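Undergrad: Okay, handing you the structure first.
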Amino acid sequence: MKGWMGKFRVLFILGSTALVLSGCGLENLTALDPKGYGAQVSLDLIILSIVIMVFVFLVVMVIYTFVFFRFRQKKGQEDVIPKQVEGNKVLEVIWTVIPIILLLILAVPTVTATFDLAEGQPEGSDLLNVNVTGNQYWWNFSYDDLDVQTSQDLYIPTGERVYIDMKSSDVIHSFWLPSISGKMDVNPENENTMFIEAQEEGVYWGKCAELCGPSHSLMDFRVVAVSPDEFDQWVTDMKNVDPEAEPETASAQEGKQLFSDKGCISCHALGSSPTAIGPNLTSFGSRTKFAGILDPTKENLVDWIMDPESIKPGNKMTGNYKEVTEEEASKIADYLLQLEPSEITPEDAESE
Amino acid sequence: MSTAIAQKQGFGAILWDYLTTVDHKKIAHLYLFGGGFFFIIGGLEAMIIRIQLIKPANDFVSAGFYNELLTMHGTTMIFFAAMPFIFALMNAVVPLQIGARDVAFPFLNALGFWLFLAGGLILNASWLLGGAPDAGWTAYAPLSTTSPGHGVDFYVLGLQISGAGTLIGGINFLVTIVNMRAPGMTYMRMPLFTWTIFVTSALILFAFPALTVGLFLMMFDRLFGSAFFNPDMGGNTIIWEHLFWIFGHPEVYILILPAFGVFSEVIPTFSKKRLFGYTAMVFATVLIGFLGFMVWAHHMFTVGLGPAANAIFAVATMAIAVPTGVKIFNWLFTMWGGSIRVTTAMLWALGFIPTFTLGGMTGVMLASAVADYQYQDSYFVVAHFHYVIVGGVIFGIFASLHYWWPKMFGKMLNEKLGKLTFWTFFIGFHLTFFIQHFLGLMGMPRRTWTYLPGQGLDNGNLISTIGAFLMAFGVIVFFYNVVYTAIKGEKVSNDPWDGRTLEWTIASPPPHYNFKQIPLVRGLDALWVEKMEGNKNLMPSEPLDDIHMPNSSILPFVMSLGLFIASFGFIYQVDDLRWLIVLIGGMLITFGAMFVRSVKDDHGHHIHKEDLEKGDGL
Amino acid sequence: MSDHTLNPEKMPHNPEKATLEGKNKFLAFWFFLGGETVLFASLFGTYLALKGSTNGGPAAEEIFELELVFVMTMLLLTSSLTSVYAMYHMKNNNFGKMQLWLGVTVLLGIGFLSFEIYEFTNYITNEDFTFRTSAFGSAFYTLVGFHGGHVTFGLLWIITLMIRNAKRGLNLYNAPKFYIASLYWHFIDVVWVFIFTVVYLMGKVG
Amino acid sequence: MVSNSNSSSEYNRKKNKEEMKQQLITFTLMIVFTLIAFSMVIFEFDKLYVIPVLLILAVVQVIFQLYYFMHMKNKDHEMPAFMFYGGLTVATITILTLSVITWW
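Laid out in structure tokens, this is it:
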């Protein structure tokens, strides 16, 4: 489908630049400005279907406008009785056959693309595999082959397919990365697989697209696409993390103590230990957002620790740790903010 | 129990008359006002949703409450506004169009209405009793099965009971149309509206049982501890999705086909031309109905059914565009060469054609499975289904109400107010929903309580909310029109629109026996045929004789009341087993009424020839 | 309608379809059965999707007892024949014999139902296999239970009809009622044929 | 007139009897099929072979029920047959779906 799609694409790029300039969504979030393979395939089909459909719509509207102005009852014609036409077989055949042809033009690339995007991982390839777990209301990413765990921010290398195996720990979620790949549901009883492939570096927005509870709209995540070298660096750094490492500042040291005293540690894992009840905090200091939606400032983090319910209603953190004062929360925040085990951070992806 | 008696007596008598009526015309009134009531509730919910989304990071309503609103908006609008409106039209028009004195089962007809009302009240009672359902109108498990509180229980029982009513109604109209057509009305002489109701009723018959089972399974899971949708015990949530959509997709056609039927009556009447390609239209209707059962999995493209299933359902879905396109072109060519009068009803039809074409366009776009990976569960889908359901069904209902109001109530809705309603609603509608296509593609998921600033979604949502207010204004004007007409409207003759079908041959509103003598039908557009031959009315097919009519009965109301009561027993027995008493009591009322019905003979009554000759009716 | 039109001296050949009400009932009931087909299909589909999900509880091949199912099948099949006999006598306008054969049908139905109740109690008490054991358990009891519910309703329906009309005999008003009750009874048998095949026999085969 | 209606009812009686005979044969066949089905399972025939045969036997039995016991073979049953087959179509795709594209 690529060859003849090219012409449409040129047309569309001209048109879409105009649209983007006039505000067609946020870069790295909108599906209209694809940065990944799946999103590109989807957009090609979207454009093709729009072109066909706009053609149909124009035909309808031309007839409609003509009929309306030409045959509207005029003064003095109230008693005119038009000829009662039964129908016309030729016309019926025409408007049955032409749509069928138009639909076939759309159906063939649709079927091809459906099988293309469903392609599994080739046998014996060493492509990256990530296990994605959807939880109310956060995402866990586990690189099982690499022995690395992370939450909320998914790091991937650019230019290669990353296979993600998705499963939910509670209700159905849907993993949606508009600018990279479209979406797939995350079901509780079976594993769904899709691949994502980012073509350029960047921090891409992801969202949960299946209603999953009160904070469904706040279940955002991000994909950090970095160059393969940077990715390898990141993996090495993450592997060498020492979860027990002492922080440097006194406040952060106290924070570390509070982190275990207040019961945080019973839900949140550090390092590569497998998924716990809450997000893995190994590289918390480098997070693009806190709790998926808050700008990464200390103030926001303190607010979150003090009262998560007011920020993400229905989350599972509320009420599951001992009460903290603002001062204690600030110390815990200091501890968490210095958890930056890797030099590779989202800024590397964005600065490119 | 006739209108004559009711008019002489007070409010109590009228109320009793409506509680016991089995007259299809009065049941149509009941459906219309029942549907109107729930339409207002669903509309208010929609307005709160739009106010919440007017700006980013808004907290006009809380997240939990928002989920209740969106669930109730969807459920109410589909099951308790659109469906009863369709049933109101069926009841008001079909027996008249086929030249029958009533439906095949007048008693069941009343039962269908009261079950619908009981279901709607149960569902909405949840607002007052600790929270509405909050898992979306699709109620995907396990979110729905694990949802705390009793909200989803109200959803399950409300839909189950109203669904039973719908099923009864569907069978009733199938039999009515098959068995009770006037002499000479062959299948290929049936008005297209009756045809669409026939196909719709068949869809109801085959689609609703799947929902019934789905709801039973969910009820067992929530109230009796079974494990159908509980993955921890081997359950499987996809079963719910399949059962829901095996019902859910035909449901969309159940709603839209009658609207197609309405336009197929309105457009010929106001173009003064017979429907272009009647045979093709009938065939297209049947084909749409049939294909409606083959495509449900296009709601599940992202579920992970695999590429083969996705490809098959994608192609099958696209196929539906063909008969739908046939219909659009046949409507256009009905107008071609006609003499178009732009009344309010016709205005809605004229507004419908481009709007629905857009909705159909996005429908085909959605059918392309891979493109759907982007649209699915985004605002693009929200825009699409509002284009077809509002732009198709609601436009159709507005058109039909303006068209048949004089027949139903004997008074003409005010045309000026009608046109004001149309223009505000039409513009408001496009303002609200057109922009949502783009919001979806720009990354706004469906059912989202709020969105963050700086994602490029602010302006679109603001425009959308402004449009919603305009739509609300249009609806308010319509309700004002209804009240205005009731008080000041002019009485109309039998045939105010220069109609073509049988319902325009009798008085407006019709006497309760409809036809003094059953007419003899001599062609498609039976009245038009006679008009062209210079006859004022149809020839009777029978001599004037006693007319056999069914008796009114309170039993349908009592049966529904019993189920209404029993539902609360079902819901609350989880908390306290003493509620089982309520459950059993309610069921006893229902079964008792059924028992009375089956052992008490009811042969109906006769209106005597002499009374008919006096022209009085009773 | 006057008594005369309902009790003509000569019964027509098909008394169940002699009046418009009868024709309507006949057609509506067939349509209803069309809908019931989808209802049971949904239950069968659910059962097939979940029959392997035993969640550590008993599986199909471990618990089903074919002897019992065979007896139940024979009872229900025979009751289908006896209700055919009843309709045969209805068409010959022999009310007494119709009542007799309906009575036999009811007895066979009660027999079937008793065995089913025994079967369920046996599973629950001796095999520890309940509605809540596993998804398989839920699906099994729901499918077979829905059928059992239909049997119960059918029995109550036929008994009510028999008692109500015992004194006044057959007429054009109640003939359609008897006829559709017997249709319902046959449909119950149709469903059972699939239950014993799909649930029990195929469950035993594995 | 009287004798005429008598002879027609005589004719009907005969026809009913004829039909009853067919129904008895149907019943016998159904019993035989049931016996075959049960014994195939009890004597543990090969699974690959048993399941399709079981299903065919069930379908044939149901056809007997529908066409003979429920009279679908008689005239005036076009509409019932049409709607029943409508239901059967939806039923088939429902079962097919739930047993094929649900996981596994």
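Chains as they are written, first to last, in UniProt numbering: chain A, 1 to 352; chain B, 1 to 618; chain C, 1 to 206; chain D, 1 to 104.
Quick reminder that beta carbons are idealized off the backbone N, C-alpha and C, glycines included.
A quick note: this is a predicted structure, and the numbers were derived from the prediction, not measured.
1. Any contact between the region 52-67 of chain B and the region 204-222 of chain A? By contact I mean 3 or more CB pairs, one from each, below 8 Å.
2. Determine whether the Cβ of LEU358 (chain B) lies closer than 8 Å to any Cβ atom of chain C.
3. Hey, would you say VAL302 (chain A) sits closer than 8 Å to SER330 (chain A), going by beta carbons?
4. Let's test the definition: count the other Cβ atoms within 10 Å of the Cβ of VAL198 (chain C) and tell me whether it reaches 16, buried, or not, exposed.
5. Please go through the same chain and pick out, in chain order, the residues whose beta-carbon is closer than 8 Å to the beta-carbon of ASN91 (chain B), but skip the five residues on each side of it.
6. Please confirm if THR34 (chain D) has its CB atom under 8 Å from at least one CB of chain B.
7. List, in chain order, every chain D residue whose beta-carbon is nearer than 7 Å to that of ASN172 (chain B).
8. So, is the C-beta of HIS608 (chain B) closer than 8 Å to a C-beta in chain D?
9. Go ahead and pull the three-state DSSP assignment for PRO148 (chain B).
10. Tell me the DSSP secondary structure of ILE172 (chain A) in three-state form.
11. Are the region 542-554 of chain B and the region 206-222 of chain B in contact at 8 Å, needing three or more beta carbon pairs?
12. Between THR146 (chain B) and chain A, is there a C-beta pair that is closer than 8 Å?
13. So is GLY234 (chain B) in contact with chain C if we call contact Cβ pairs under 8 Å?
14. Just curious, the beta strand (DSSP E) that VAL390 (chain B) is in, first and last residue?
15. With distance defined between alpha-carbon atoms, name the residue in A:VAL226, A:LEU336 and A:PHE55 nearest to ILE98 (chain A).
16. Which stretch, first to last residue, makes up the beta strand (DSSP E) that contains ASP151 (chain A)?
17. In the DSSP assignment, find the unbroken beta strand (DSSP E) run with TRP138 (chain A) in it and report its ends.
18. Pull out every residue of the region 163-194 of chain C whose Cβ sits closer than 8 Å to any Cβ of chain D, in chain order.
19. Would DSSP call residue 624 (chain B) helix, strand or coil?
20. Flag this pair as yes or no: are the beta carbons of PRO80 (chain D) and LEU27 (chain C) separated by less than 8 Å?
21. Let me make sure I understand the geometry here. Which of B:PHE293, B:ILE197 and B:VAL370 has the alpha-carbon closest to that of LEU89 (chain B)?
22. In whole angstroms, what separates the C-alpha of ASP128 (chain C) from that of SER114 (chain C)?
23. For THR334 (chain B) versus LYS273 (chain B), is the C-beta distance shorter than 8 Å?
24. What does LYS536 (chain B) reach in chain A if we use C-beta pairs closer than 8 Å?
25. For the region 30-106 of chain B, which segments carrying the beta strand (DSSP E) assignment without a break, of at least 3 residues, lie completely within its bounds, in sequence order?
26. Considering only C-alpha positions, which residue in the set B:GLN52, B:PRO511 and B:HIS384 is nearest to MET549 (chain B)?
27. If you pair each beta-carbon of the region 518-536 of chain B with each one of the region 70-80 of chain B, do three or more pairs fall below 8 Å?
28. Excluding the 5 residues preceding and the 5 following ASP134 (chain B) in the sequence, name in chain order all residues of the same chain whose CB lies nearer than 7 Å to its CB.
29. Using 8 Å as the limit for Cβ to Cβ distance, is ALA202 (chain B) near chain D?
30. Counting only Cβ pairs nearer than 8 Å, list the residues of chain A close to ARG578 (chain B).
31. According to DSSP, is ASN494 (chain B) helix, strand or coil?
32. How would you label ALA57 (chain B), buried or exposed, when you count the other beta carbons within 10 angstroms and need 16 or more for buried?
33. Could you check which residue in B:ASP545, B:ILE40, B:ASP372 and B:GLY234 has the C-alpha nearest to that of MET184 (chain A)?
34. Cα separation between PRO15 (chain C) and ALA175 (chain C)?
35. What does ASN187 (chain A) reach in chain B if we use C-beta pairs closer than 8 Å?
36. Take LEU45 (chain A) and list the residues in its own chain whose beta-carbon comes closer than 7 Å to its own, dropping the five residues that flank it on each side.
TA: For this structure:
1. yes
2. As a working mapping, residue 358 (chain B) is identified with position 358 in the second sequence. No - not a single Cβ of chain C is within 8 Å of the one on LEU358 (chain B).
3. Looking up residue 302 (chain A) in the first sequence gives position 302. Looking up residue 330 (chain A) in the first sequence gives position 330. Between VAL302 (chain A) and SER330 (chain A), the CB-CB gap stays under 8 Å.
4. Counting from one through the third sequence, the residue named residue 198 (chain C) turns up at place 198. Buried, because 16 or more other Cβ atoms sit within 10 Å of the Cβ of VAL198 (chain C).
5. Against the second sequence, residue 91 (chain B) aligns to sequence position 91. So the list reads HIS24, LYS25, ILE27, ALA28, TYR31, VAL103 and ASN109, once near-sequence residues are dropped.
6. Translated into positions along the fourth sequence, residue 34 (chain D) becomes position 34. No, THR34 (chain D) lies away from the interface with chain B (no Cβ there is under 8 Å from its Cβ).
7. On the second sequence, residue 172 (chain B) is found 172 positions in, with the first residue counted as 1. Against chain D, a Cβ distance below 7 Å from ASN172 (chain B) picks out nothing, because the smallest value is about 14 Å.
8. For the purposes of this step, residue 608 (chain B) is taken as the residue at position 608 of the second sequence. Chain D contact via Cβ: absent.
9. Here residue 148 (chain B) refers to the residue found at position 148 when the second sequence is read from its first residue. PRO148 (chain B): coil per DSSP, three-state reduction.
10. Sequence index remark: in the first sequence, residue 172 (chain A) carries index 172 (1-based). In the structure shown, ILE172 (chain A) sits in coil (DSSP, three-state: anything other than H, G, I, E or B).
11. With the cut-off at 8 Å, the region 542-554 of chain B and the region 206-222 of chain B do not touch.
12. Locating residue 146 (chain B) in the second sequence gives position 146, counting from the first residue. Output row for THR146 (chain B): interface = yes.
13. As a first step, residue 234 (chain B) must be located in the second sequence, where it is residue number 234. It does; some Cβ of chain C falls within 8 Å.
14. Reading the second sequence from its first residue, position 390 is the one you call residue 390 (chain B). Per DSSP, VAL390 (chain B) belongs to no beta strand (DSSP E) and is neither H nor E.
15. Taking the first sequence and counting its residues from 1, the one referred to as residue 98 (chain A) is at position 98. The option with the nearest alpha carbon to ILE98 (chain A) is A:PHE55.
16. Against the first sequence, residue 151 (chain A) aligns to sequence position 151. One point to set straight first is that residue 151 (chain A) is Ser, not Asp, in the sequence displayed. Here the beta strand (DSSP E) through SER151 (chain A) covers 148-151.
17. What you label residue 138 (chain A) is simply residue 138 of the first sequence in a count that begins at 1. That run of the beta strand (DSSP E) goes 138-143.
18. LEU183, HIS186, PHE187, ASP189, VAL190, VAL193 and PHE194
19. For chain B, the structure presents residues 1 to 618; residue 624 (chain B) sits outside this window and is missing.
20. The residue you call residue 80 (chain D) lines up with position 80 of the fourth sequence. The residue you call residue 27 (chain C) lines up with position 27 of the third sequence. In contact: PRO80 (chain D) and LEU27 (chain C) (Cβ atoms closer than 8 Å).
21. Translated into the one-based positions of the second sequence, residue 89 (chain B) becomes position 89. Considering only alpha carbons, the answer is B:ILE197.
22. Locating residue 128 (chain C) in the third sequence gives position 128, where the first residue counts as 1. Locating residue 114 (chain C) in the third sequence gives position 114, where the first residue counts as 1. The straight-line gap from Cα to Cα measures roughly 20 Å.
23. Your numbering for residue 334 (chain B) matches position 334 in the second sequence. Your numbering for residue 273 (chain B) matches position 273 in the second sequence. Closer than 8 Å, so yes.
24. Taking the second sequence and counting its residues from 1, the one referred to as residue 536 (chain B) is at position 536. The contact set of LYS536 (chain B) on chain A, defined by CB atoms closer than 8 Å, is empty, because the minimum CB distance reaches about 16 Å.
25. Annotation: the region 30-106 of chain B contains no complete segment of the beta strand (DSSP E) (minimum length 3 residues).
26. Here residue 549 (chain B) is taken as the residue at index 549 of the second sequence, counted from 1. It is B:PRO511 whose Cα lies nearest to the Cα of MET549 (chain B).
27. no
28. The sequence position of residue 134 (chain B) within the second sequence is 134, counting from 1. For ASP134 (chain B), same chain residues with a beta-carbon under 7 Å away, outside a window of 5 residues either side, are GLY64, ASN67, GLU68, THR71, SER147 and GLY151 in chain order.
29. For the purposes of this step, residue 202 (chain B) is identified with residue 202 of the second sequence, where counting begins at 1. For ALA202 (chain B), the answer is yes, since a Cβ of chain D falls inside 8 Å of its Cβ.
30. Counting from one through the second sequence, the residue named residue 578 (chain B) turns up at place 578. What ARG578 (chain B) touches in chain A: nothing, since even the nearest Cβ is about 31 Å away.
31. Position 494 of the second sequence, counted from the start, is the residue given in the question as residue 494 (chain B). DSSP places ASN494 (chain B) in coil when its eight states are reduced to three.
32. Position 57 of the second sequence, counted from the first residue, corresponds to residue 57 (chain B). Flag for ALA57 (chain B) reads exposed.
33. Position 184 of the first sequence holds residue 184 (chain A). That would be B:ASP372, whose Cα lies nearest to the Cα of MET184 (chain A).
34. Translated into positions along the third sequence, residue 15 (chain C) becomes position 15. Translated into positions along the third sequence, residue 175 (chain C) becomes position 175. Roughly 6 Å between the two C-alpha positions.
35. Residue numbering aside, residue 187 (chain A) sits at position 187 when the first sequence is read from its first letter. Near ASN187 (chain A) (Cβ distances below 8 Å), the residues of chain B are THR237, ILE238, VAL303 and GLY304.
36. For the purposes of this step, residue 45 (chain A) is identified with residue 45 of the first sequence, where counting begins at 1. Here LEU45 (chain A) has PRO109, THR110 and ALA113 as same chain residues with Cβ atoms under 7 Å from its own Cβ, once five neighbours each way along the sequence are excluded.
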